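Undergrad: Numbering (the numbering used here), first residue to last: 354 to 785. Don't be surprised by glycine CBs; every beta carbon is placed ideally from N, CA and C. A quick note: this is a predicted structure, and the numbers were derived from the prediction, not measured.
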Ligand code: SF4
């Protein structure tokens, strides 16, 4: 969501006649699009601002804006730590970027040091031709369908930084997808903090959206992220299974903990058994479905026994991808009152145990693909892999291969080797 917001900010600048500067020192405008999901990300923003302070001092005409969730969270307080910043703009206010910049350039009073953290419902209606999809392979595109979140997980800042849910009209979403396909997009990824809560004003759900977009000629892959277990309904699972291969057999379904006690303290709206029932329902309908999840390790009330339940969930589900983080207390969240009871060493040790077991599981899962032929949507060259092509299978597995190709091509590749994080293969030239 943050990457896609950056594409929108860049698109607004381009529409206003700005061009990309070759370096920060030559820029007239610098925007930091920030994330506040974890403390580390927030600290990164302030250290980056520290680096920009000297530049701003030497060129006071430079316009420096802080956008995104840190802007929303800090508001005017941000000026106390970084008084040289010119404006602060939350993620639901990015539509006002052009007018903010022109007011600053015209020297309007109050334009510098302005704060815009309004939750605008129309922030979700963004002109498609004003999104600069740089950094993405042209064949892949994000499409926002929902913004904000109506859940209240006790550790999470998103409901405060992004506001309550607002959904786009399904016809507008489909029109955007058709436009993208007309420009060469093969894969779209529908975005929302809780994307499976999508329901437009006419009551059309994500299941309807998947069905309708799977019919669009030329569209080869559909993904959606991030789903909430509570809204993973039977109707949605049925729609995924029935929509055919265009809907990719991969689902990211964050669980956060394997302990029902911790899940209750997190106010997740599901317990361990309910989560496992969803997994069973998904796998019954789609036996080849790859699964990803998120874990927070070291939540304040997490005991050794709770953590053991997280470890046992890893073995029970055998996820294909796991994003795991040590808990960090976030301002304004309900969990803040619980304190941060585990020491950083304890959290690090638990995280290390989880990641090491997951690495083994992932490697075993990936090794099962050796000898199979897969379809890879090529994203580009990966220099770390000795300039091999890199891309993803429909199951979201990363594949590296040598040979001639190009970003945006769909290549048939035979898998020859596997690690915990990727598959290596060779192109076969023809689809089986
Ligand atoms: S579902 Fe929970 S974790 Fe996800 S964005 Fe909403 S409040 Fe945050």
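1) Quick one: what does DSSP say residue 546 is sitting in, helix, strand or coil?
2) Just reading off the beta strand (DSSP E) that residue 390 is part of, what are its end residues?
3) Buried or exposed: which applies to residue 673, given that a residue is buried once 16 or more other Cβ atoms fall within 10 Å of its Cβ?
4) Determine, using beta carbons only, whether residue 384 and residue 428 come nearer to each other than 7 Å.
5) Determine, using beta-carbon pairs with one atom in the stretch 595-609 and one in the stretch 567-579, whether at least three such pairs fall under 8 Å.
6) To the nearest angstrom, how far is the alpha carbon of residue 725 from that of residue 777?
7) Considering only their Cβ atoms, is the gap separating residue 450 from residue 575 smaller than 7 Å?
8) Rounding to the nearest angstrom, what Cα-Cα distance links residue 652 and residue 606 in this structure?
9) For residue 421, name the three-state secondary structure that DSSP assigns.
10) Are the stretch 517-533 and the stretch 501-509 in contact at 8 Å, needing three or more beta carbon pairs?
11) Since residue 424 and residue 443 are thought to touch, with beta carbons under 8 Å apart, how far apart are those beta carbons, to the nearest angstrom?
12) Write down the C-beta distance between residue 723 and residue 755 rounded to the nearest angstrom, noting that I regard them as a contact closer than 8 Å.
13) Check residue 474 in the structure and name its three-state DSSP category.
14) Tell me the start and end of each unbroken beta strand (DSSP E) in the stretch 593-655 that is at least 3 residues and wholly inside, in chain order.
15) Whose C-beta lies closer than 6 Å to the C-beta of residue 481 among residues of the same chain, with five residues either side of it excluded?
16) Pairing CB atoms from the stretch 688-695 with CB atoms from the stretch 656-669, are three or more of them under 8 Å?
17) Is residue 581 near ligand 1, going by C-beta to nearest heavy atom under 6 Å?
18) Can you find a heavy atom of ligand 1 that lies under 6 Å from the Cβ of residue 520?
19) I think residue 749 touches residue 643, with their Cβ atoms under 8 Å apart; what is that distance to the nearest whole Å?
20) Give me the residue from 768, 616, 555 with the minimum Cα distance to residue 582.
21) Entirely within the stretch 503-554 and at least 4 residues each: give me those alpha helix (DSSP H) ranges in chain order.
22) Looking at the structure shown, is residue 580 part of a helix, part of a strand, or coil, going by DSSP?
TA: For this structure:
1) In the structure shown, residue 546 sits in coil (DSSP, three-state: anything other than H, G, I, E or B).
2) Per DSSP, residue 390 belongs to no beta strand (DSSP E) and is neither H nor E.
3) Buried.
4) No, Cβ-Cβ distance for residue 384 and residue 428 is not below 7 Å.
5) Verdict: yes, contact present.
6) Taking the CA atoms as reference points, residue 725 sits about 11 Å from residue 777.
7) No, these two residues do not count as a Cβ contact at 7 Å.
8) So the alpha carbons of these two residues sit roughly 19 Å apart.
9) Three-state result, residue 421: strand.
10) Judged by Cβ distances under 8 Å, the stretch 517-533 makes contact with the stretch 501-509, as three or more pairs qualify.
11) Right, their Cβ atoms sit about 5 Å apart.
12) Actually they are not in contact, since the Cβ atoms of residue 723 and residue 755 sit about 17 Å apart, beyond 8 Å.
13) Secondary structure at residue 474: helix, using DSSP grouped into helix, strand and coil.
14) Taking only runs of at least 3 residues, the beta strand (DSSP E) segments lying wholly in the stretch 593-655 are 603-605, 643-650.
15) Result list for residue 481: 529, 532, in chain order.
16) Contact between the stretch 688-695 and the stretch 656-669 is not established, with fewer than three Cβ pairs separated by less than 8 Å.
17) The beta carbon of residue 581 sits closer than 6 Å to at least one heavy atom of ligand 1.
18) Taking the Cβ of residue 520 as the reference point, every heavy atom of ligand 1 lies at 6 Å or farther away.
19) In this structure residue 749 touches residue 643 by the C-beta definition: roughly 6 Å separates them, less than 8 Å.
20) Measuring from the Cα of residue 582, the nearest candidate turns out to be 616.
21) As far as the stretch 503-554 is concerned, its whole alpha helix (DSSP H) runs of at least 4 residues are 511-515, 523-535.
22) In the structure shown, residue 580 sits in coil (DSSP, three-state: anything other than H, G, I, E or B).
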